[in-house]
Structure formats: C-alpha cells, structure tokens
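A.B. asks: Below is the structure I would like to discuss, written out as structure tokens.
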Amino acid sequence: MDDVVFAPVFHHDIAVTLNPNPVLTVTAAPSSCAVYNLTTAISGYDPVTYTYVFKDSLGNVVSTTNAQAITQSGNYSVAAQNKITGCVSASKTITVTINTVPVKPNVTSP
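Its first residue numbered 89, the sequence shown is counted upward by one per residue in this note's numbering.
And the structure:
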C-alpha cells in the first residue's frame with residue numbers, strides 16, 4: 089500500500105434549502121375579437137413575485153413582462169420564474185383564437 093495518510097478529518101455541516109418550483113395554472117383562453125391579453129389566462133397572476141416569459145409557437149419570446157396585445161391566433165406558452173429564488177415553473181400552453189372584428193353594416197335611413 090502506498091500513499092496512505094493518517095490525518096484528522098474535517099467535518100462541517102451545511103444547511104441546504106431547496107425551494108420548490110412555482111406551479112403555474114392557466115385557464116382556457118376564450119376567443120376574442122382583435123386582441124387578447126394572455127395574462128388573463130393565468131390564475132393568480134402576480135407580477136410582483138414572478139417574472140413571466142411568454143413565447144409563441146415557434147419559441148420566440150413575445151414578452152417577459154406583459155402579453156396584453158396578442159393579435160394572432162395560435163398556441164402560446166408561458167412560464168413563471170420566482171424573482172427571489174430563481175425557481176422556474178413548468179411551461180403551460182394557452183391556445184388563443186382571435187376573431188376578426190365584424191364590419192359594421194351600412195345603415196341607411198329612408
């Protein structure tokens with residue numbers, strides 16, 4: 089046997105706190121005319137505690153603060169990150185249907 093050393097072992101306790109990942113709950117997005125606010129689909133939307141990242145179906149970031157002006161139908165995803173712990177929720181999908189604004193018919197008086 090070679091390289092055997094008899095020396096005191098240093099022992100130190102370390103406290104580790106595991107923060108839970110946020111749980112994001114979204115509701116079904118109703119169809120909308122012209123524009124949709126994605127934040128209304130998040131149950132308990134809390135921009136003070138969380139940063140929300142909204143992405144379109146191609147993975148492009150739509151907004152990291154507020155997605156209030158969605159004008160295209162499609163699937164959007166959102167994830168929440170706790171501003172203090174940095175923990176991130178699982179991504180959730182929101183399907184948005186934007187209906188065209190109906191054209192006002194011409195009304196003529198007799």
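Cβ atoms here follow ideal geometry from the backbone N, Cα and C, with glycine treated the same way.
This structure is a prediction, so every number in the text was calculated from the model and none was measured.
Suppose contacts are defined by Cβ-Cβ distances below 8 Å. Is Ser151 in contact with Asn163 by that definition?
C.D. replies: Not a contact, by the Cβ cut-off of 8 Å.
A.B. asks: Leaving aside the five residues before and after Val111 along the sequence, list all residues of the same chain whose C-beta is less than 7 Å from its C-beta, in chain order.
C.D. replies: Once the five neighbours on either side are set aside, the close Cβ partners of Val111 are Ser177.
A.B. asks: Quick check on the DSSP output: the beta strand (DSSP E) that includes Gly162 runs from which residue to which?
C.D. replies: Run containing Gly162: Gly162 to Asn170, per the beta strand (DSSP E) assignment.
A.B. asks: Tell me whether the stretch 95-102 and the stretch 113-132 touch, counting them as touching only if at least three CB pairs, one residue from each stretch, are closer than 8 Å.
C.D. replies: No, the stretch 95-102 does not touch the stretch 113-132.
A.B. asks: Going by C-alpha to C-alpha distance, which of Asn125, Asn109, Ser165 and Lys180 sits closest to Asn148?
C.D. replies: The shortest Cα separation from Asn148 among Asn125, Asn109, Ser165 and Lys180 belongs to Ser165.
A.B. asks: Does Thr183 come out as helix, strand or coil in the three-state DSSP assignment?
C.D. replies: Three-state result, Thr183: strand.
A.B. asks: Using the Cβ count rule (16 or more neighbours within 10 Å means buried), how would you classify Val141?
C.D. replies: Val141 comes out buried.
A.B. asks: Compare the beta carbon distance of Ala116 and Val184 with 8 Å and say whether it is the shorter of the two.
C.D. replies: No, the Cβ-Cβ distance between Ala116 and Val184 is not below 8 Å.
A.B. asks: Quick check on this structure: which residue in Cys121, Pro108 and Val189 has the alpha carbon closest to the alpha carbon of Gly174?
C.D. replies: Nearest option by C-alpha distance: Pro108.
A.B. asks: Measuring alpha carbon to alpha carbon, tell me which of Asn194, Ala95 and Ala168 ends up nearest Thr137.
C.D. replies: Closest by alpha carbon: Ala168.
A.B. asks: Return the chain-ordered ranges of every alpha helix (DSSP H) run that is complete within the stretch 122-148 and spans a minimum of 4 residues.
C.D. replies: Those alpha helix (DSSP H) runs which fall completely within the stretch 122-148 and span 4+ residues do not exist here.
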